[in-house]
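Colleague: If you scroll down you'll find the structure; I have some questions about it.
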Amino acid sequence: MKRFANLCISVCLSIVSLGALQGWAHEYRSGAVSIEHPWSRATPPGAAMGVAYMVLENTGDTEVKLVSAETPRAGRVSIHRSHRVDGLMRMEHLPDGLAIPAGEKVELQPQGYHLMLEKLNGALKAGERVPVTLNFQGADPIVIELAVEAPGTEKEASGDAEHHKGMGH
Ligand SMILES: [Cu+2]
Numbered sequence: 086m087k088r089f090a091n092l093c094i095s096v097c098l099s100i101v102s103l104g105a106l107q108g109w110a111h112e113y114r115s116g117a118v119s120i121e122h123p124w125s126r127a128t129p130p131g132a133a134m135g136v137a138y139m140v141l142e143n144t145g146d147t148e149v150k151l152v153s154a155e156t157p158r159a160g161r162v163s164i165h166r167s168h169r170v171d172g173l174m175r176m177e178h179l180p181d182g183l184a185i186p187a188g189e190k191v192e193l194q195p196q197g198y199h200l201m202l203e204k205l206n207g208a209l210k211a212g213e214r215v216p217v218t219l220n221f222q223g224a225d226p227i228v229i230e231l232a233v234e235a236p237g238t239e240k241e242a243s244g245d246a247e248h249h250k251g252m253g254h
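The letter at position 156 of the sequence shown is residue 241 when you use the working numbering, and the numbering goes up by one with no holes.
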């Protein structure tokens, strides 16, 4: 029975990694933390900043906190939140990180939480995969790959698209 379970685990893992290579089932898991569909948006040449979005899930019974991230494609990665103040979108830096409560999902998405890739060392191109290391408090680091999508492919409310064109995120 134990041998069967091990076999299942290795087969399932290879299916997951095959899926990641082919672009479907784009998901990463380590311990209690999983990351679904990490993606970014292509940037124009010379742009200094890019973004990263994903869904973080914590299936454990203690809080996990995303405290920092890094990528070889940017000088710095910050954790941000966009929110509306008096009808204007504002962006705030979250120096303490982003908590993912036990048993919950936190979505990084346009107009909400996101990672800001600052000081890009080159344009992010549609179809590119950008490696990012996510560092957690309460969980091991996870290396993911952002799928870079062409601008305007994400589903956004019509009013939001205008804002993001201007802001780059
Ligand atoms: Cu930002």
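For each residue, glycine too, the CB sits at the ideal point set by N, CA and C.
Note that the structure is a prediction, hence the values are computed from the model and not measured.
#1: At a cut of 8 Å, does the segment 140-159 reach the segment 189-205 through at least three beta carbon pairs?
#2: Using the rule of at least 16 other Cβ atoms within 10 Å of the residue's Cβ for burial, across every protein chain shown, is G108 buried or exposed?
#3: Between G182 and P226, what straight-line distance do the alpha-carbon atoms span, to the nearest angstrom?
#4: With respect to 8 Å, is the separation between the Cβ of S163 and the closest non-hydrogen atom of ligand 1 below this value?
#5: Compute the Euclidean distance between the alpha carbons of L202 and D146, then round it to the nearest angstrom.
#6: Are there 16 or more other CB atoms within 10 angstroms of the CB of H111, so buried, or fewer, so exposed?
#7: Output yes if chain B places a C-beta closer than 9 Å to the C-beta of A232; else output no.
#8: With C-beta atoms as the reference, is A224 less than 9 Å away from G131?
#9: Straight-line CA distance for S125 to E234?
#10: In this structure, what does DSSP give as the bridge partners for F143?
#11: Using 10 angstroms around the beta-carbon of G70, count the other beta-carbons present and answer buried if the total reaches 16, otherwise exposed.
#12: Which whole-angstrom value describes the C-beta separation of T156 and P216, a residue pair presumed to lie in contact below a C-beta threshold of 8 Å?
#13: Mark P186 as exposed unless 16 or more other C-beta atoms lie within 10 angstroms of its C-beta, in which case mark it buried.
#14: Is DSSP giving P236 helix, strand or coil here?
#15: Apart from the five residues just before and just after G172, which ones in its own chain have a Cβ nearer than 7 Å to its Cβ?
#16: How long is the line joining the alpha carbons of P195 and R114, rounded to whole angstroms?
#17: Classify A133 as buried or exposed, calling it buried when 16 or more other Cβ atoms lie within 10 Å of its own Cβ.
Modeller: On the basis of the data shown:
#1: When C-beta atoms of the segment 140-159 are compared with those of the segment 189-205, three or more pairs fall below 8 Å, so the two segments count as touching.
#2: The residue given as residue 108 occupies position 23 in the sequence shown. Its pLDDT being 49, under 50, G108 is placed unreliably by the model, and the measurement read from it follows with that caveat. Per the 10 Å Cβ criterion, exposed.
#3: Along the sequence shown, one-based indexing puts residue 182 at 97. Along the sequence shown, one-based indexing puts residue 226 at 141. The straight-line gap separating the alpha-carbon atoms of G182 and P226 is approximately 14 Å.
#4: Looking up residue 163 in the sequence shown gives position 78. Yes, the Cβ of S163 comes within 8 Å of a heavy atom of ligand 1.
#5: Here residue 202 refers to the residue found at position 117 of the sequence shown. Here residue 146 refers to the residue found at position 61 of the sequence shown. Their backbone Cα atoms lie some 30 Å apart in a straight line.
#6: As a first step, residue 111 must be located in the sequence shown, where it is residue number 26. Flag for H111 reads buried.
#7: The chain labelled as chain B is not found in the depicted structure, where only one protein chain is given.
#8: Here the question's residue 224 lines up with position 139 in the sequence shown. Here the question's residue 131 lines up with position 46 in the sequence shown. Their beta carbons are not under 9 Å apart, which means A224 does not touch G131 by this criterion.
#9: For this step, residue 125 is matched to residue 40 along the sequence shown. For this step, residue 234 is matched to residue 149 along the sequence shown. Spanning the two alpha carbons is a distance of roughly 6 Å.
#10: Here residue 143 is taken as the residue at index 58 of the sequence shown, counted from 1. Residue identity check: residue 143 is Asn in the sequence provided, not Phe. According to DSSP, N143 bridges with V118.
#11: It is not possible to answer for residue 70, since the shown part of the chain is limited to 86 through 254.
#12: Locating residue 156 in the sequence shown gives position 71, where the first residue counts as 1. Locating residue 216 in the sequence shown gives position 131, where the first residue counts as 1. Confirmed, about 6 Å.
#13: To locate residue 186, count along the sequence shown from 1; it is residue 101. Answer is exposed; the Cβ neighbour count stays below 16.
#14: The count along the sequence shown starts at 1 and reaches residue 236 at position 151. Residue state, collapsed to three classes: coil.
#15: In the sequence shown, residue 172 corresponds to position 87, counting from 1. Excluding residues within five positions, none has a Cβ falling inside 7 Å.
#16: Against the sequence shown, residue 195 aligns to sequence position 110. Against the sequence shown, residue 114 aligns to sequence position 29. Distance from the CA of P195 to the CA of R114, rounded to the nearest whole angstrom, comes to 23 Å.
#17: Taking the first residue of the sequence shown as 1, we reach residue 133 at position 48. Counting every other CB atom within 10 Å of its CB across the protein chains shown gives A133 a total below 16, marking it as exposed.
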